[in-house]
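Novice:
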Amino acid sequence: MIFTVHKRQLETALLFLVVFFLSLPSYAICVEDVISAHCGKTPTSIFDNTGKLWTTFVHGQHVYVSHSTDLGKHFSTAVKVNPLPQKIYTNGENRPKIKLSDKGNVFVSWTKQTAGRFTGDINFSRSIDAGQHFEPIKIINDDGLPIGHRFDAMSVTPSGVIYIAWLDKRDRAAVKKENPEYPGISLYYAISMDQGNTFSKNIKVAEHTCECCRIAITNIGKDNVNIMWRHIFPGGFRDHAIATLTPSEPLQSHRATIDEWKTDACPHHGPDMDYSTKGYTHMVWFSNGKHHKGITYGLHSHQSNVTTQIISIDDSPQASHPQVKIFNDVVWVVWKSFEKGQSVIKSRFSLDNGIQWSKHHTIATTRGRSDHPLLLHNDETLFINWHTDDGGLQFIPLKVNQIITAQ
Amino acid sequence: MKKIALCCLLFCSASFASTAPIKDWTSVSLQQVKNTYKNQPFLLILWSLDCPSCFKEFAALRDWLKQHSQHHVVIVSTDPKAMLPDIRDVIDEYSLNNTDLWIYSNENPVKLRQSVDKKWFGELPRSYFFNNEHQSMSHSGALTPEQLALWHTFLNEKTQKKFSQTNIKRPN
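Protein chains in written order, with the working numbering: chain A, 9 to 415; chain B, 28 to 199.
1) Is it the case that the segment 120–131 of chain B contacts the segment 301–311 of chain A, given that we only count it when at least three CB pairs across the two stretches are under 8 Å?
2) Buried or exposed, going by whether 16 or more other CB atoms sit within 10 Å of the CB of H141 (chain A)?
3) So what does DSSP say about M164 (chain B), is it helix, strand or coil?
4) Could you check if I314 (chain A) is buried or exposed, using at least 16 other CB atoms within 10 Å of its CB as the buried criterion?
5) Counting along the chain, where does the alpha helix (DSSP H) carrying D179 (chain A) start and finish?
6) With a threshold of 7 Å between beta-carbons, can T271 (chain A) be considered close to chain B, or not?
7) Confirm, please, whether the CB-CB distance from Y72 (chain A) to F83 (chain A) is below 7 Å.
8) Quick one: residues in its chain with C-beta nearer than 7 Å to the C-beta of L5 (chain A), no 5 flanking neighbours on either side, listed in chain order?
9) What are the partner residues of C221 (chain A), as DSSP defines its beta bridges?
10) Going along the chain, which residues of its own chain have a beta-carbon closer than 6 Å to the beta-carbon of D90 (chain B), five neighbours each way excluded?
11) Near P51 (chain A), what residues of its chain come up, given a Cβ to Cβ distance below 6 Å and the 5 sequence neighbours on each side ignored?
12) Considering only residues of the same chain and omitting the five flanking positions on each side of Q94 (chain A), which have a CB-CB separation below 7 Å?
13) Does DSSP classify F207 (chain A) as helix, strand or coil?
14) What's the gap between the Cα of N194 (chain B) and the Cα of F156 (chain B)?
15) Go through its chain and collect everything with a Cβ distance to M281 (chain A)'s Cβ below 7 Å, but skip five positions before and after it.
16) Could you work out which residue in B:W147, B:E84, B:N133, B:L88 is closest to D106 (chain B) when comparing CA atoms only?
17) Determine the DSSP secondary structure at G80 (chain A), reduced to helix, strand or coil.
18) Would you say P154 (chain A) reaches chain B, if we count a Cβ-Cβ gap shorter than 7 Å as a contact?
19) In chain order, what residues of the same chain have a beta carbon less than 8 Å from the beta carbon of S257 (chain A), not counting five sequence neighbours either side?
20) Using a threshold of 7 Å, state whether the C-beta atoms of D322 (chain A) and G100 (chain A) are closer than that.
21) Which value, in whole angstroms, describes the spacing of the CA atoms of K348 (chain A) and M110 (chain B)?
22) For F156 (chain B), return the contacting residues in chain A, with the cut-off set at a CB-CB distance below 9 Å.
23) Does E257 (chain A) come within less than 7 Å of chain B when only Cβ atoms are used?
24) Is the segment 56–68 of chain B close to the segment 254–273 of chain A, with three or more CB pairs under 8 Å?
25) Can you give the beta carbon distance from K107 (chain A) to S163 (chain A), rounded, assuming they're within the 8 Å contact cut?
26) Please specify which runs of the beta strand (DSSP E), each continuous and at least 3 residues long, are wholly inside the segment 235–295 of chain A, giving them in chain order.
27) Do you know offhand how far G204 (chain A)'s Cα is from I147 (chain A)'s?
28) Excluding the five sequence neighbours on either side, which residues of its own chain have a C-beta within less than 6 Å of the C-beta of T165 (chain A), listed in chain order?
29) How long is the line joining the alpha carbons of F85 (chain B) and S96 (chain B), rounded to whole angstroms?
30) Should Q58 (chain B) go down as buried or exposed, given a rule of 16 or more other Cβ atoms within 10 Å for buried?
31) When you compare only the Cα positions, how much space is there between P154 (chain A) and I102 (chain B)?
32) Could you check if D247 (chain A) is buried or exposed, using at least 16 other CB atoms within 10 Å of its CB as the buried criterion?
33) Please confirm whether V137 (chain B) has its beta-carbon closer than 7 Å to some beta-carbon of chain A.
34) In angstroms, rounded to a whole number, what distance separates the CA positions of K407 (chain A) and D387 (chain A)?
35) Quick check on DSSP: helix, strand or coil for F82 (chain B)?
36) Skipping 5 residues on each side, what residues in its chain have a beta carbon closer than 7 Å to that of H308 (chain A)?
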């Protein structure tokens, strides 16, 4: 049988297809050339004070930023941050970061891969026209050495100070010949007091950090931040340290976890934390140590510098990449696990500041590859930012009432 | 003429060395490896490009294999397949082309990890010493020349039934 297709019918069919695809969320039409938060690598998001969602992600050799007013169903056309192509670190532990200022400026940091192995430069760019254009890149590490400067972490304080911290190899490189067994690398930071127009010189926080785990950073007070990282303590224990950074100098650092994980393996698992205004930091971390295995929670006091209320969140070997956030007086922990052939996002919550905890709840699942879960919130709701190959970028609300009702 | 033949031989060896197959590691590959090395001991090593300790281990392994190339070594990269060119560079750099080379397939990486060892937390490098009965002992972190030397000693013993008969121990 021979069909005769008239031009008008063909036009109608094409129009239908266009309307059909435009009505779908953008992850449904991911192909190689589509540049979108749903199709890019390691999308990371934040809400501004009007409720608009801003996301940075990597596509090819560029960092992009786009925004959404409907919780990620549709995103604006992505704006390129680095005009020239770069090799960019894009894995769950080492990914571009995005922060905003009250003035509406958009700040992006990332690690550019440079020639050599485990090498990189900390890159920063800002937009002062509400994300329409990004300014020329600033390299934040100021040593000019072709060595490792990686795993950037960024925060903007309520007073508008931008902090960028990273893991840095300069101290190890300086003593490499006389001390080839120098443990780990170092932690440095820089600040900007003028909305990212200029940055301070680099300031050292600590030597002998683990070199392959993300750094946790959170605001404390008006001008300062807390920082937590995996440290190599005497005896080769890869546990965690915590310090407060001020615009002028780091305050004394303290041991935050005592797991006694003696290893020279790379865990690829950084901690997370959130500061409570009551003088405590809620912490979650991963370890395979003598005292704690899997994911553990603890409450760190800034008066005594001691971590208490330590509880095992999930001690299974599949538990990974935890995040913690206090929101509307509820402490939430989310993490990724693997059960029955699929990746699972799980949560637990505490209504009494981390003393008692709910049981595990499954929040989302996927059979394919997926990113680490990240927590973010607007005025009303706490969300999980989760990217999966199967579903694109999702923003999954976390509500105590819904979880209790579902039980 | 002999010089030309030698050059050809060297060229062919170099070409062969740089094109050793890197196979897809799936959730059944460990069983395949056990079938391949039936009644034979082997060393299984899992690593990734973003793991400084893995490179320290590869340096020790390269030196060990120069002396003991007869031993079976299975090396599995846990990186995404898109990183294959970089993986090939590392394998060439550390002269590991004569080992049994694999890379994680597109299956869920945690599923692949579980298929090797349900008790492994994912830290790298991770090594498993399999004896001829395919009982295994695991180790996290870079293998040292001393540990590799102990493995060689163990392999030279006539009976390899139990690890408890050896000095190979998981470090504290």
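For glycine and all other residues, C-beta sits at the position ideal for the given N, C-alpha and C.
Keep in mind that this is a model prediction, so the values were computed, not measured.
Specialist: Once the coordinates are examined:
1) no
2) Counting from 1 along the first sequence, the entry for residue 141 (chain A) is found at position 133. By the neighbour-count rule (16 or more Cβ atoms within 10 Å), H141 (chain A) is not buried but exposed.
3) One-based indexing of the second sequence puts residue 164 (chain B) at position 137. M164 (chain B): strand per DSSP, three-state reduction.
4) Residue numbering aside, residue 314 (chain A) sits at position 306 when the first sequence is read from its first letter. In the sequence on display, residue 314 (chain A) carries Val and not Ile. Burial call: exposed.
5) In the first sequence, the residue the question calls residue 179 (chain A) occupies position 171. Taken as a continuous stretch (DSSP letters only), the alpha helix (DSSP H) holding D179 (chain A) covers 178–183.
6) Along the first sequence, one-based indexing puts residue 271 (chain A) at 263. It does; some Cβ of chain B falls within 7 Å.
7) Within the first sequence, numbered from 1, the residue matching residue 83 (chain A) stands at position 75. Within the first sequence, numbered from 1, the residue matching residue 72 (chain A) stands at position 64. Their beta carbons are not under 7 Å apart, which means F83 (chain A) does not touch Y72 (chain A) by this criterion.
8) Nothing in the structure corresponds to residue 5 (chain A), since chain A is present only between 9 and 415.
9) The count along the first sequence starts at 1 and reaches residue 221 (chain A) at position 213. BP columns for C221 (chain A) are empty, so no partner.
10) The count along the second sequence starts at 1 and reaches residue 90 (chain B) at position 63. Once the five neighbours on either side are set aside, D90 (chain B) has no close Cβ partner at all.
11) Working through the first sequence from its first residue, we reach residue 51 (chain A) at position 43. Cβ neighbours of P51 (chain A) beyond the five flanking positions: A45, T63, F65, H395, L401.
12) On the first sequence, position 86 is the one that residue 94 (chain A) refers to. Spatial neighbours of Q94 (chain A) in its own chain (CB-CB distance under 7 Å, excluding positions within 5 residues in sequence) are listed in chain order as Q69, K120.
13) As a working note, residue 207 (chain A) is residue 199 in the first sequence. F207 (chain A) falls in the coil class under three-state DSSP.
14) Position 167 of the second sequence, counting from 1, holds the residue named residue 194 (chain B). Position 129 of the second sequence, counting from 1, holds the residue named residue 156 (chain B). For N194 (chain B), the predicted model reports a pLDDT of 49, less than 50, meaning its position is unreliable; a value from the coordinates is still stated below. About 13 Å.
15) The count along the first sequence starts at 1 and reaches residue 281 (chain A) at position 273. Hits under 7 Å: A224, T226, N234, M236, T289, H290, M291, V332.
16) Working through the second sequence from its first residue, we reach residue 106 (chain B) at position 79. Among B:W147, B:E84, B:N133, B:L88, the Cα nearest to that of D106 (chain B) is on B:N133.
17) Position 72 of the first sequence, counted from the start, is the residue given in the question as residue 80 (chain A). Coil.
18) Working through the first sequence from its first residue, we reach residue 154 (chain A) at position 146. False, the Cβ-Cβ gap to chain B never drops below 7 Å.
19) In the first sequence, counting from the first residue as 1, residue 257 (chain A) sits at position 249. Looking at the sequence itself, residue 257 (chain A) is Glu, so the reference to Ser does not match. If we look at E257 (chain A) and ignore the five residues flanking it on each side, its Cβ neighbours are I211.
20) Taking the first sequence and counting its residues from 1, the one referred to as residue 322 (chain A) is at position 314. Taking the first sequence and counting its residues from 1, the one referred to as residue 100 (chain A) is at position 92. In this structure, G100 (chain A) does not lie closer than 7 Å to D322 (chain A) by Cβ.
21) Counted from its first residue, the first sequence places residue 348 (chain A) at position 340. Counted from its first residue, the second sequence places residue 110 (chain B) at position 83. Rounded to whole angstroms, K348 (chain A) to M110 (chain B) spans 28 Å at the Cα level.
22) The residue you call residue 156 (chain B) lines up with position 129 of the second sequence. The premise fails here: F156 (chain B) is roughly 16 Å from chain A at the closest Cβ pair, so nothing lies under 9 Å.
23) Residue numbering aside, residue 257 (chain A) sits at position 249 when the first sequence is read from its first letter. Output row for E257 (chain A): interface = no.
24) Touching, no.
25) Translated into positions along the first sequence, residue 107 (chain A) becomes position 99. Translated into positions along the first sequence, residue 163 (chain A) becomes position 155. With 8 Å as the limit, K107 (chain A) and S163 (chain A) qualify as a contact, their Cβ atoms being about 7 Å apart.
26) Qualifying beta strand (DSSP E) stretches, in chain order: 245–253, 280–284.
27) The count along the first sequence starts at 1 and reaches residue 204 (chain A) at position 196. The count along the first sequence starts at 1 and reaches residue 147 (chain A) at position 139. Rounded to whole angstroms, G204 (chain A) to I147 (chain A) spans 12 Å at the Cα level.
28) Translated into the one-based positions of the first sequence, residue 165 (chain A) becomes position 157. Taken in chain order, the residues that qualify are N227, D231.
29) Residue 85 (chain B) sits at position 58 when you count from the first residue of the second sequence. Residue 96 (chain B) sits at position 69 when you count from the first residue of the second sequence. So the alpha carbons of these two residues sit roughly 14 Å apart.
30) Taking the first residue of the second sequence as 1, we reach residue 58 (chain B) at position 31. By the 10 Å Cβ count, Q58 (chain B) comes out exposed.
31) Taking the first residue of the first sequence as 1, we reach residue 154 (chain A) at position 146. Taking the first residue of the second sequence as 1, we reach residue 102 (chain B) at position 75. If you take the alpha carbons of P154 (chain A) and I102 (chain B), they lie about 30 Å apart.
32) Along the first sequence, one-based indexing puts residue 247 (chain A) at 239. Buried, because 16 or more other Cβ atoms sit within 10 Å of the Cβ of D247 (chain A).
33) Looking up residue 137 (chain B) in the second sequence gives position 110. Yes - at least one Cβ of chain A is within 7 Å of the one on V137 (chain B).
34) Along the first sequence, read from residue 1 onward, the residue named residue 407 (chain A) stands at position 399. Along the first sequence, read from residue 1 onward, the residue named residue 387 (chain A) stands at position 379. Looking at the two C-alpha atoms, the distance is approximately 13 Å.
35) Taking the first residue of the second sequence as 1, we reach residue 82 (chain B) at position 55. Residue state, collapsed to three classes: helix.
36) The count along the first sequence starts at 1 and reaches residue 308 (chain A) at position 300. Around H308 (chain A): I250, A264, Y288, T289, M291, T315.
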